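Enquirer: Let me give you the structure first, and then I'll get to my questions.
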Amino acid sequence: MDAPFALAREALVLATALSLPIVAVAAIVGLFVSALQSATSLQDAALAHLPKLLAVAVATAITAPWMARTLVAFATRAFGG
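Following this line, the structure appears as structure tokens:
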């Protein structure tokens, strides 16, 4: 009875750990772009979204191998492989 709850807890912790680098990059780039827009009085929507999109794409490409290894290890443990 305790195993499904432990597995669900591990899945939630894993989801948080896997999403944290991407969310952190988006937040940091968003803060930087916001400060830059405030300093230069530019209020273009594309300027706000494009750097975040590029940064998230780069962060995803960099962390993808680690994410894949982590997910495969979790799936192997979860399905008893």
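Sequential numbering from 1 applies to the sequence shown in the working numbering. Quick reminder that beta carbons are idealized off the backbone N, C-alpha and C, glycines included. Quantities reported herein were computed from a predicted structural model and do not represent experimental measurements.
#1: Do you know how far the Cα of A75 is from the Cα of L14?
#2: Considering T5, what are the terminal residues of the alpha helix (DSSP H) in which it resides?
#3: Grab me the residues of A78's own chain with a C-beta within less than 7 angstroms of its C-beta, minus the 5 sequence neighbours each way, in chain order.
#4: From Q37, A48, V56, E10, pick the residue whose C-alpha is nearest to that of P21; which is it?
#5: Whose C-alpha, out of Q37, M1, L18, is nearest the C-alpha of H49?
Expert: Short version:
#1: In a straight line, the C-alpha of L14 is about 11 angstroms away from that of A75.
#2: Sequence check: residue 5 is Phe here, not Thr. Counting along the chain, the alpha helix (DSSP H) containing F5 begins and ends at 2–40.
#3: Exclusion of the five residues before and after A78 leaves L7 as the residues of its chain whose Cβ lies within less than 7 angstroms of its Cβ.
#4: Nearest in C-alpha terms to P21, of all of Q37, A48, V56, E10, is V56.
#5: Checked all of Q37, M1, L18; the closest Cα to H49 is Q37.
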